[in-house]
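Position 21, counted from 1, in the sequence shown is what the working numbering calls 7; the numbers after and before it change by one each time, with no gaps. Just so it is clear, CB atoms sit at the ideal spot from N, CA and C, and this is done for glycine as well. Please read all numbers here as calculations on a predicted model, not as lab measurements.
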Amino acid sequence: MENPPIAANPLDSLPHGPEFRFVDAILELVPGKAALGTYLLKGSEDFLRGHFPAQPILPAVIMVEAIAQVAGVALQSDPEIPPMPDLRLTAVRNVKILGTATPGETLQIEATVQGRMGNLVQASGSVRVGDKVIAEGQVTMSGGSATPPAPAA
């Protein structure tokens, strides 16, 4: 069976709807290996209304999710490997939050696929604002068939 072509827009390979994408653009892509993406923190995002109302800052969990999304784009772009349609974040390790971002700042999100075994994928990544690393860590993702398994008899 022939693998499908890489999506014209690499972000289309993510299972997330546009409302939960924390990557606006992919600037660099090494298929199956690494990617660099950006996200402009606009200030109009719903999650900023409560985090924190008087002084909004990007929640750390969103930075981790952004690393996973950029890693997912890198992984799903490999034309030699079938896509993982239900790719999900399943674990995080060694995450360090070293700073934050405020509305108007652009995040640079970098991710590198470290390895794959079956339906598990490990990646490492970082988030920067300008030259400053504000988050870094490792993510594990899993995925498989878009068809759910049959119920047990």
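{"Check": "Sequence-distant residues of its chain with Cβ nearer than 8 angstroms to Leu84 (five each side left out)", "Outcome": "Lys118, Val119, Ile120, Ala121, Glu122"}
{"Check": "Selection from Gly29, His37, Val99, Gly111 that minimises the alpha carbon distance to Ala60", "Outcome": "Val99"}
{"Check": "Extent of the continuous alpha helix (DSSP H) to which Leu61 belongs", "Outcome": "46 to 62"}
{"Check": "Contact test: Ala54 Cβ vs the ligand NAD heavy atom, cutoff 8 angstroms", "Outcome": "Only the bare structure without any ligand can be found here, which leaves the ligand NAD out of the picture."}
{"Check": "Ser30 (DSSP reduced to helix, strand or coil)", "Outcome": "coil"}
{"Check": "Touching by the beta-carbon criterion (3+ pairs, under 8 angstroms), the stretch 105 to 113 and the stretch 32 to 39", "Outcome": "no"}
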